[in-house]
Amino acid sequence: MKTDRTKPSAEAPAGETAKSAATSARSVAWARRRRAAAQFWRQYRGHRSGLAGLVILVLIAVLALAAPLITGSDAQSVTDAPGTPLEEPSGEFPLGTDQFGRNLLALLLWGARVSLTVGLLAAFLTVAIGTLVGITAGHFGGWYSTVIMRITDWFLVMPTLVLAIALATVMDKSIWTTVIAIGVTAWPTTARLVRAQTLAVESRPYIERATALGGGHRHIMGRHVLPNVMPLVLAQTTLVISQAILTEATLAFLGLGDPMIVSWGGLLQDAREAGAVSSGAWWYLAPPGLAIAVVALAFTLCGRTIESVLNPKLGVTR
Numbered sequence: 001m002k003t004d005r006t007k008p009s010a011e012a013p014a015g016e017t018a019k020s021a022a023t024s025a026r027s028v029a030w031a032r033r034r035r036a037a038a039q040f041w042r043q044y045r046g047h048r049s050g051l052a053g054l055v056i057l058v059l060i061a062v063l064a065l066a067a068p069l070i071t072g073s074d075a076q077s078v079t080d081a082p083g084t085p086l087e088e089p090s091g092e093f094p095l096g097t098d099q100f101g102r103n104l105l106a107l108l109l110w111g112a113r114v115s116l117t118v119g120l121l122a123a124f125l126t127v128a129i130g131t132l133v134g135i136t137a138g139h140f141g142g143w144y145s146t147v148i149m150r151i152t153d154w155f156l157v158m159p160t161l162v163l164a165i166a167l168a169t170v171m172d173k174s175i176w177t178t179v180i181a182i183g184v185t186a187w188p189t190t191a192r193l194v195r196a197q198t199l200a201v202e203s204r205p206y207i208e209r210a211t212a213l214g215g216g217h218r219h220i221m222g223r224h225v226l227p228n229v230m231p232l233v234l235a236q237t238t239l240v241i242s243q244a245i246l247t248e249a250t251l252a253f254l255g256l257g258d259p260m261i262v263s264w265g266g267l268l269q270d271a272r273e274a275g276a277v278s279s280g281a282w283w284y285l286a287p288p289g290l291a292i293a294v295v296a297l298a299f300t301l302c303g304r305t306i307e308s309v310l311n312p313k314l315g316v317t318r
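With our numbering applied, the sequence shown closes on residue 318, and no number is skipped along the way.
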């Protein structure tokens with residue numbers, strides 16, 4: 001009878017011990033992640049160029065999000081334009097007006113919302129496709145890797161802009177068309193980089209031990225390969241965003257964007273159609289062009305700094 005009484009009391013602490021051990025393991029993992037993030041931030045803020053790029057991006061993102069509060073919801077309206085067409089910069093209109101008399105400063109803030117959104121979504125799609133192709137090609141190898149890499153090489157030798165223009169031409173003019181056109185044409189570089197990193201990771205001894213212990217393809221790729229290639233993917237993402245913003249501006253400038261929305265490339269297209277170059281309306285051309293250049297430069301600075309922090313051997317200057 002004494003033994004029966006002691007069995008439940010012995011099993012209860014065992015369950016509590018297992019539960020506390022799992023909780024402790026999770027807390028240790030989160031503590032490591034917090035320390036790694038804190039260490040990354042300490043190293044990142046030591047690079048003045050990367051910090052300047054981050055400040056610029058945060059400022060532009062805040063202004064873009066606050067555009068409805070700063071300019072009002074009717075700033076894009078053609079019928080309720082507050083000024084006269086192609087009015088020079090003044091106290092009322094710091095950046096002048098466009099061909100319809102709309103405030104160019106307000107249009108610039110609204111255009112930032114579209115350009116940043118397209119850049120982020122297109123970069124996410126590009127990196128997602130490139131990461132999937134690179135990891136699977138590096139992991140499986142054989143005929144699959146040969147075929148998928150030949151397709152990747154074909155996309156690499158073909159001009160990305162030409163392919164994006166072809167897709168944007170045959171599809172409906174919308175923001176999603178631009179995202180898809182950029183995403184499905186700009187992934188090969190990421191795929192190449194991720195495949196090379198995957199091959200390096202899978203040559204390590206712990207991958208062989210995980211395979212010998214019964215780890216399947218999904219376990220190896222998801223639990224071992226992906227976490228090790230994520231730093232490279234993160235650095236590549238910031239660089240791809242700047243390329244996506246430039247490509248979106250080019251497509252919009254060529255008239256392949258959505259005519260119903262305001263973007264920086266669309267503003268350049270409107271300026272060209274309004275004859276801003278011949279009429280000397282520099283305030284119509286300069287602000288959106290400078291905005292595109294500044295944002296692309298800021299993302300590039302952040303990307304190079306992240307790459308330098310994650311791979312100190314590069315020796316990027318601060």
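All residues carry an ideal CB built from backbone N, CA and C; glycine is no exception.
Computed from a predicted structure; not experimentally measured.
Quick check on this structure: which residue in Ile-261, Gly-265 and Pro-231 has the alpha carbon closest to the alpha carbon of Ala-244? Position 244 of the sequence shown, counted from the start, is the residue given in the question as residue 244. Comparing Cα positions, the closest option is Gly-265.
Ser-174 to Arg-26, Cα distance in whole Å? For the purposes of this step, residue 174 is taken as the residue at position 174 of the sequence shown. For the purposes of this step, residue 26 is taken as the residue at position 26 of the sequence shown. If I take the Cα positions, the gap works out to 44 Å.
I'd like the list of long-range same chain contacts for Gln-236, defined as Cβ closer than 7 Å, with 5 residues on each side in sequence excluded. As a first step, residue 236 must be located in the sequence shown, where it is residue number 236. Answer for Gln-236: Val-127, Thr-190 and Leu-193, listed in chain order.
Please state whether the Cβ-Cβ distance between Ile-180 and Leu-254 is less than 8 Å. As a working mapping, residue 180 is identified with position 180 in the sequence shown. As a working mapping, residue 254 is identified with position 254 in the sequence shown. Going by C-beta atoms, Ile-180 is not nearer than 8 Å to Leu-254.
Outcome for Gly-134 when other beta-carbon atoms lying within 10 angstroms are tallied against a minimum of 16: For this step, residue 134 is matched to residue 134 along the sequence shown. Burial call: buried.
Output yes or no for whether 8 Å exceeds the beta carbon distance between Ala-249 and Ser-73. As a first step, residue 249 must be located in the sequence shown, where it is residue number 249. As a first step, residue 73 must be located in the sequence shown, where it is residue number 73. For Ala-249 and Ser-73, no; Cβs fall outside 8 Å.
Using only CA atoms, which one of Ile-261, Gly-289 and Ala-276 lies nearest to Ala-75? As a first step, residue 75 is located in the sequence shown; it is residue number 75 there, counting from the start. Here the closest residue by C-alpha is Ile-261.
Taking contact to mean at least 3 C-beta pairs separated by less than 8 Å, is the stretch 143 to 163 in contact with the stretch 92 to 104? no
Less than 8 Å separating the beta-carbons of Pro-287 and Leu-109? Your numbering for residue 287 matches position 287 in the sequence shown. Your numbering for residue 109 matches position 109 in the sequence shown. Cβ atoms of Pro-287 and Leu-109: not closer than 8 Å.
Which residues in the same chain as Asp-258 place their Cβ atom closer than 6 Å to its Cβ, once the five residues preceding and following it in sequence are excluded? Counting from 1 along the sequence shown, the entry for residue 258 is found at position 258. Excluding sequence neighbours, Asp-258 sits near Lys-173, Ser-174 and Ile-175.
Could you tell me which residues DSSP puts in a beta bridge with Thr-97? Counting from one through the sequence shown, the residue named residue 97 turns up at place 97. Answer by DSSP bridge pairing, in chain order: Asn-103.
Below 8 Å on the Cβ atoms is my guess for Ile-129 versus Trp-187; work out the distance and round it to an integer in Å. Working through the sequence shown from its first residue, we reach residue 129 at position 129. Working through the sequence shown from its first residue, we reach residue 187 at position 187. The Cβ separation is near 4 Å, so the contact holds.
Leaving out five residues on either side along the sequence, give the residues of the same chain with a beta carbon under 7 Å from the beta carbon of Leu-125. In the sequence shown, the residue the question calls residue 125 occupies position 125. Same-chain partners within the cutoff: Val-179 and Gly-183.
Would you grab the beta carbon distance between Ala-81 and Gly-101 for me? Rounded to a whole angstrom, and I think it's under 8 Å. Position 81 of the sequence shown, counted from the start, is the residue given in the question as residue 81. Position 101 of the sequence shown, counted from the start, is the residue given in the question as residue 101. Going by Cβ atoms, the distance from Ala-81 to Gly-101 rounds to 4 Å, so yes, they are a contact pair.
At a cut of 8 Å, does the stretch 297 to 305 reach the stretch 41 to 61 through at least three beta carbon pairs? yes
Which residues in the same chain as Thr-238 place their Cβ atom closer than 7 Å to its Cβ, once the five residues preceding and following it in sequence are excluded? Mapped onto the sequence shown, residue 238 falls at position 238. The answer, listed in chain order, is Phe-299, Cys-302, Gly-303 and Ile-306.
What residue from Asp-270, Val-295 and Ile-292 has the CA that sits closest to Val-78's CA? By one-based count along the sequence shown, residue 78 stands at place 78. Out of Asp-270, Val-295 and Ile-292, Asp-270 has the C-alpha closest to the C-alpha of Val-78.
Ordered along the chain, which non-local residues of its own chain (more than five positions away) have a Cβ less than 7 Å from that of Trp-283? The residue given as residue 283 occupies position 283 in the sequence shown. Within the same chain, Trp-283 has close Cβ partners Glu-88, Pro-89, Leu-95, Gly-96 and Leu-104.
Can Ala-112 and Leu-63 be called in contact, C-beta distance under 8 Å? As a first step, residue 112 must be located in the sequence shown, where it is residue number 112. As a first step, residue 63 must be located in the sequence shown, where it is residue number 63. Yes.
With 16 other Cβ atoms within 10 Å as the buried cut-off, status of Met-221: Position 221 of the sequence shown, counting from 1, holds the residue named residue 221. Result: buried.
Output yes or no for whether 8 Å exceeds the beta carbon distance between Thr-247 and Leu-161. What you label residue 247 is simply residue 247 of the sequence shown in a count that begins at 1. What you label residue 161 is simply residue 161 of the sequence shown in a count that begins at 1. For Thr-247 and Leu-161, yes; Cβs fall inside 8 Å.
With H, G and I counted as helix, E and B as strand and the rest as coil, what does DSSP make of Met-230? Numbered from its first residue, the sequence shown carries residue 230 at position 230. Correct three-state label for Met-230: helix.
Using only the alpha-carbon positions, how far apart do Leu-251 and Leu-290 sit? If you number the sequence shown from 1, residue 251 lands on position 251. If you number the sequence shown from 1, residue 290 lands on position 290. Each residue's alpha carbon lies about 17 Å from the other.
Just how far apart, CA to CA, sit Thr-319 and Ser-203? The requested residue 319 is not part of the displayed model; the chain covers only 1 to 318.
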